[in-house]
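Protein chains: 2
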Amino acid sequence: MDFFEKTGKMAIGSRLRQLTAKITEDAAKIYGLYQVALSPKWFPVFFVLAREGEKTVTEIAHTIGHSQPSVSKIIREMTGAGLLEQHRKSDDKRRNVVALTAKGHLLNEHIKMQYTDVENAVEKLTEASAHDLWGAIAEWETLLAQKSLYDRVREQKRLREKKEVTIVPFQAQHATAFKTLNEAWIKTYFQMEDSDHRALDHPQEYILDRGGAILMALYQNEVVGTCALVKMDDPEFDYELAKMAVSSQVQGNGIGRCLAEAVIQKARDLGAKKIYLESNTVLKPAIAMYRTLGFQKIHGRPTPYKRCDIQMELVLSD
Amino acid sequence: MDFFEKTGKMAIGSRLRQLTAKITEDAAKIYGLYQVALSPKWFPVFFVLAREGEKTVTEIAHTIGHSQPSVSKIIREMTGAGLLEQHRKSDDKRRNVVALTAKGHLLNEHIKMQYTDVENAVEKLTEASAHDLWGAIAEWETLLAQKSLYDRVREQKRLREKKEVTIVPFQAQHATAFKTLNEAWIKTYFQMEDSDHRALDHPQEYILDRGGAILMALYQNEVVGTCALVKMDDPEFDYELAKMAVSSQVQGNGIGRCLAEAVIQKARDLGAKKIYLESNTVLKPAIAMYRTLGFQKIHGRPTPYKRCDIQMELVLSD
DNA sequence: TACATTTACATAACCGGTTATGTAAATACT
DNA sequence: AGTATTTACATAACCGGTTATGTAAATGTA
Numbered sequence: 008m009d010f011f012e013k014t015g016k017m018a019i020g021s022r023l024r025q026l027t028a029k030i031t032e033d034a035a036k037i038y039g040l041y042q043v044a045l046s047p048k049w050f051p052v053f054f055v056l057a058r059e060g061e062k063t064v065t066e067i068a069h070t071i072g073h074s075q076p077s078v079s080k081i082i083r084e085m086t087g088a089g090l091l092e093q094h095r096k097s098d099d100k101r102r103n104v105v106a107l108t109a110k111g112h113l114l115n116e117h118i119k120m121q122y123t124d125v126e127n128a129v130e131k132l133t134e135a136s137a138h139d140l141w142g143a144i145a146e147w148e149t150l151l152a153q154k155s156l157y158d159r160v161r162e163q164k165r166l167r168e169k170k171e172v173t174i175v176p177f178q179a180q181h182a183t184a185f186k187t188l189n190e191a192w193i194k195t196y197f198q199m200e201d202s203d204h205r206a207l208d209h210p211q212e213y214i215l216d217r218g219g220a221i222l223m224a225l226y227q228n229e230v231v232g233t234c235a236l237v238k239m240d241d242p243e244f245d246y247e248l249a250k251m252a253v254s255s256q257v258q259g260n261g262i263g264r265c266l267a268e269a270v271i272q273k274a275r276d277l278g279a280k281k282i283y284l285e286s287n288t289v290l291k292p293a294i295a296m297y298r299t300l301g302f303q304k305i306h307g308r309p310t311p312y313k314r315c316d317i318q319m320e321l322v323l324s325d
Numbered sequence: 008m009d010f011f012e013k014t015g016k017m018a019i020g021s022r023l024r025q026l027t028a029k030i031t032e033d034a035a036k037i038y039g040l041y042q043v044a045l046s047p048k049w050f051p052v053f054f055v056l057a058r059e060g061e062k063t064v065t066e067i068a069h070t071i072g073h074s075q076p077s078v079s080k081i082i083r084e085m086t087g088a089g090l091l092e093q094h095r096k097s098d099d100k101r102r103n104v105v106a107l108t109a110k111g112h113l114l115n116e117h118i119k120m121q122y123t124d125v126e127n128a129v130e131k132l133t134e135a136s137a138h139d140l141w142g143a144i145a146e147w148e149t150l151l152a153q154k155s156l157y158d159r160v161r162e163q164k165r166l167r168e169k170k171e172v173t174i175v176p177f178q179a180q181h182a183t184a185f186k187t188l189n190e191a192w193i194k195t196y197f198q199m200e201d202s203d204h205r206a207l208d209h210p211q212e213y214i215l216d217r218g219g220a221i222l223m224a225l226y227q228n229e230v231v232g233t234c235a236l237v238k239m240d241d242p243e244f245d246y247e248l249a250k251m252a253v254s255s256q257v258q259g260n261g262i263g264r265c266l267a268e269a270v271i272q273k274a275r276d277l278g279a280k281k282i283y284l285e286s287n288t289v290l291k292p293a294i295a296m297y298r299t300l301g302f303q304k305i306h307g308r309p310t311p312y313k314r315c316d317i318q319m320e321l322v323l324s325d
């Protein structure tokens with residue numbers, strides 16, 4: 008199909024489905040050619056029973072990679088065709104033990120020539136090809152089992168976006184974004200507190216003028232994240248990492264990490280030895296990120312925030 | 008799936024379906040990742056309209072390789088989602104002309120990053136593979152368009168069976184097979200006539216003792232076909248090719264041809280110059296085979312058979 | 001031992017496609 | 001011009017799978 012060369016890999020699912028449809032359509036005709044009274048969709052069940060003798064419904068489903076209801080349905084049909092017999096004679100009365108009937112075994116003899124002919128036909132097709140479809144499918148199965156297509160695409164997305172994200176210092180025109188980005192997550196999980204209003208409404212006075220810093224993450228000319236470094240009046244800690252916020256639309260793409268890394272670097276530049284932060288354990292991805300950045304849990308610091316139920320520190324070794 | 012290594016290529020359809028299912032499942036999640044309000048199954052329609060502007064339902068179906076009702080359904084859904092608009096304003100009032108709405112075009116901009124990420128992810132997957140799935144699919148599409156899987160399997164079947172078929176001279180123990188094989192096709196298409204009974208009940212007297220010959224085709228120790236060479240009392244023709252019969256279970260695999268070739272050779276050995284035959288035009292595969300063997304239509308010979316509506320001759324040039 | 005949970009299976013409803021069929025408009029054929 | 005055929009599309013019913021759900025038996029636990 009020329010069409011799929013235009014769409015590119017986005018439509019690989021559709022393309023596969025069409026090839027599958029074409030092949031299964033022919034499969035039905037091939038069974039007819041051998042006068043084998045077997046619906047192609049029965050084949051996996053038939054095969055596994057011919058090979059391994061009696062089995063329960065769930066066992067079959069597991070072996071052939073179908074859902075259990077699918078196997079139930081197939082077994083009902085095949086029993087109707089006289090190929091299978093079911094019994095619940097085992098000590099576990101729930102188990103439906105299925106096996107080929109004499110007719111089924113006869114069919115198994117009859118079908119063997121078909122195996123070799125199909126095998127040979129596909130073999131010849133592969134010889135005539137530069138690419139090995141059967142081998143490629145097997146390889147994709149393995150690779151996708153290791154890491155799903157979803158994960159692979161997300162990885163690409165992160166890589167691309169990381170390149171496109173720029174971190175810039177706070178400017179007056181960022182004031183609204185700084186506030187709305189933070190308000191968004193605070194209101195989702197908690198409630199706005201007095202300290203929030205102070206810092207978000209007056210970043211200049213409450214953060215910058217006191218010797219702190221605010222960084223903004225830009226992506227495609229839009230502000231998508233922010234993070235502040237707040238000067239602390241404390242003998243132990245120099246700065247607090249605070250007001251970290253990333254737009255929900257681009258969360259999970261490493262932008263938070265970019266911001267955190269930039270803020271930590273800023274703290275280093277300012278000569279800090281230790282950074283403090285407060286958070287809440289419901290924000291699991293954030294806590295996990297802080298941990299991978301080297302932050303360690305600490306206890307017992309006073310805090311103005313009700314939502315704070317975890318405190319962490321990062322020792323800056325230079 | 009280890010299972011498919013056991014089944015072999017017989018289950019290539021099932022294997023493809025499972026891979027397809029896994030990929031389309033991930034595809035849906037990927038759209039979610041980009042917050043693109045597009046069902047994966049809409050993609051081919053969306054793509055073609057984004058690329059080529061307005062189109063009718065049938066045109067779209069043809070381009071993307073779906074059935075027309077499938078496209079109708081997708082368009083109804085996409086219109087409901089506000090992505091498409093339909094109108095019947097053209098001079099042909101039957102045509103439903105479909106195009107993207109403004110919202111649809113917006114989505115098209117939004118989705119472009121997804122294209123490149125998916126493309127890159129699949130690209131990386133291919134780099135990590137020894138086999139190229141995308142290339143293999145394209146190749147199979149081409150090869151199967153040239154000759155279907157069904158035809159390829161049938162070819163293998165013929166090759167194998169031809170090897171396994173042996174042609175032997177008639178012996179007394181073949182009498183029943185000789186009769187039943189012929190009765191089968193005669194009764195299917197016509198009725199038994201007096202001449203049939205004579206020849207089938209007494210092959211020794213009516214065919215062999217008069218200087219004719221009968222050959223039997225054996226396949227897996229069973230008689231699956233027969234063909235007779237009947238001595239004619241005629242100044243022009245030496246022999247008649249008659250009583251050609253092949254078991255319906257193995258028809259279409261070249262066994263008839265084997266028999267005919269052997270009978271012709273037998274006629275040569277007996278010093279014949281011309282072979283005659285009678286048949287009926289409803290037996291199309293047989294007539295076609297006779298023609299490819301060199302038989303030519305002739306007219307006006309007397310015949311004892313009611314079912315005879317075509318007469319042919321083969322001139323044996325040695 | 002009684003009750004909650006898990007397991008094995010069947011059934012129902014859905015999903016993304018298909019083929020079959022119906023209908024109205026356009027076209028071809030006397 | 002009137003009628004038969006073809007075309008464009010919609011709708012219905014089916015197909016081979018799925019997930020969701022119900023039920024009875026087996027198992028775990030207080």
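As they're listed, the protein sequences go chains A and B.
Each residue of the first sequence is one higher than the one before, starting from 8 at the first, in the numbering used here.
Each residue of the second sequence is one higher than the one before, starting from 8 at the first, in the numbering used here.
Backbone N, C-alpha and C fix where the C-beta goes; we use that ideal spot for every residue, glycine too.
Can you tell me whether residue i is helix, strand or coil according to DSSP?
{"i": "P47 of chain B", "result": "helix"}
{"i": "M330 of chain B", "result": "Since the first residue of chain B shown is 8 and the last is 325, residue 330 of chain B is not available in this structure."}
{"i": "L236 of chain A", "result": "strand"}
{"i": "V289 of chain A", "result": "coil"}
{"i": "L40 of chain B", "result": "helix"}
{"i": "H94 of chain B", "result": "strand"}
{"i": "Q227 of chain B", "result": "coil"}
{"i": "P242 of chain B", "result": "coil"}
{"i": "P76 of chain B", "result": "helix"}
{"i": "S280 of chain A", "result": "Before going further, note that residue 280 of chain A is Lys rather than Ser in the sequence given. In this structure, K280 of chain A counts as coil in the three-state DSSP scheme."}
{"i": "L321 of chain B", "result": "strand"}
Which value, in whole angstroms, describes the spacing of the CA atoms of residue i and residue j?
{"i": "M120 of chain A", "j": "V257 of chain A", "result": "57 Å"}
{"i": "R95 of chain B", "j": "T63 of chain B", "result": "10 Å"}
{"i": "E106 of chain B", "j": "K100 of chain B", "result": "In the sequence as displayed, the identity of residue 106 of chain B is Ala instead of Glu. Whole-angstrom Cα-Cα distance: 17 Å."}
{"i": "I81 of chain A", "j": "A143 of chain A", "result": "29 Å"}
{"i": "V160 of chain B", "j": "S254 of chain B", "result": "20 Å"}
{"i": "T27 of chain B", "j": "L56 of chain A", "result": "25 Å"}
{"i": "M85 of chain B", "j": "I67 of chain B", "result": "14 Å"}
{"i": "Y213 of chain A", "j": "K164 of chain A", "result": "36 Å"}
{"i": "K36 of chain B", "j": "T195 of chain B", "result": "58 Å"}
{"i": "R264 of chain B", "j": "T149 of chain B", "result": "31 Å"}
{"i": "P311 of chain B", "j": "S74 of chain B", "result": "54 Å"}
{"i": "Q211 of chain A", "j": "V129 of chain B", "result": "47 Å"}
{"i": "M17 of chain A", "j": "E59 of chain B", "result": "18 Å"}
{"i": "K186 of chain B", "j": "I262 of chain B", "result": "18 Å"}
{"i": "K329 of chain B", "j": "I30 of chain B", "result": "With chain B represented from 8 up to 325, any question about residue 329 of chain B goes unanswered, as that position is not in the structure."}
Check the Cβ of residue i against every Cβ in chain B and list those closer than 7 Å, keeping chain order.
{"i": "K36 of chain A", "result": "Y157"}
{"i": "R24 of chain A", "result": "T27"}
{"i": "G20 of chain A", "result": "T27, I30, T31, A34 and P47"}
{"i": "V322 of chain A", "result": "Under the 7 Å cutoff, chain B gives no residues; its nearest Cβ is about 36 Å from V322 of chain A."}
{"i": "V172 of chain A", "result": "The premise fails here: V172 of chain A is roughly 13 Å from chain B at the closest Cβ pair, so nothing lies under 7 Å."}
Shorter than 6 Å, the distance from the beta carbon of residue i to the closest heavy atom of the ligand PLP, or not?
{"i": "R58 of chain B", "result": "Annotation note on the ligand PLP: not contained in the displayed structure, which lists no ligands."}
By a C-beta neighbour count over all protein chains shown, 10 Å radius and 16 as the cutoff for buried, is residue i buried or exposed?
{"i": "Q42 of chain A", "result": "exposed"}
{"i": "Q303 of chain B", "result": "exposed"}
{"i": "T70 of chain A", "result": "buried"}
{"i": "E168 of chain B", "result": "buried"}
{"i": "M199 of chain A", "result": "exposed"}
{"i": "R83 of chain A", "result": "exposed"}
{"i": "V289 of chain B", "result": "exposed"}
{"i": "S286 of chain A", "result": "buried"}
{"i": "L114 of chain B", "result": "buried"}
Whose Cβ in chain A lies nearer than 8 Å to the Cβ of residue i?
{"i": "A206 of chain B", "result": "Near A206 of chain B there are no residues of chain A at all, since even the closest Cβ is about 29 Å away, more than 8 Å."}
At 9 Å on the CB atoms, spell out the chain A contacts of residue i, in chain order.
{"i": "E126 of chain B", "result": "G15, K16, M17 and Q163"}
{"i": "R167 of chain B", "result": "M120, T123, D124 and N127"}
{"i": "F10 of chain B", "result": "P51, F54, V55, T70, I71 and G72"}
Residue i versus chain A: which residues are under 7 Å apart at the beta carbon?
{"i": "Q198 of chain B", "result": "Near Q198 of chain B there are no residues of chain A at all, since even the closest Cβ is about 26 Å away, more than 7 Å."}
Tell me which residues of the region 237-256 of chain B have at least one Cβ-Cβ distance to chain A shorter than 7 Å, keeping chain order.
The residues in question are Q256.
At a Cβ cut of 8 Å, what residues of the region 131-151 of chain A count as close to chain B, listed as they run along the chain?
So the close ones are K131, L132, A135, S136, A137, H138, D139, L140, W141, G142, A143, I144, A145, E146, W147, E148, L150 and L151.
Under 7 Å, CB to CB, which of the residues in the region 35-54 of chain B have a partner in chain A?
Per Cβ criterion, the list reads K36, I37, L40, Q42, P47, F50, P51 and F54.
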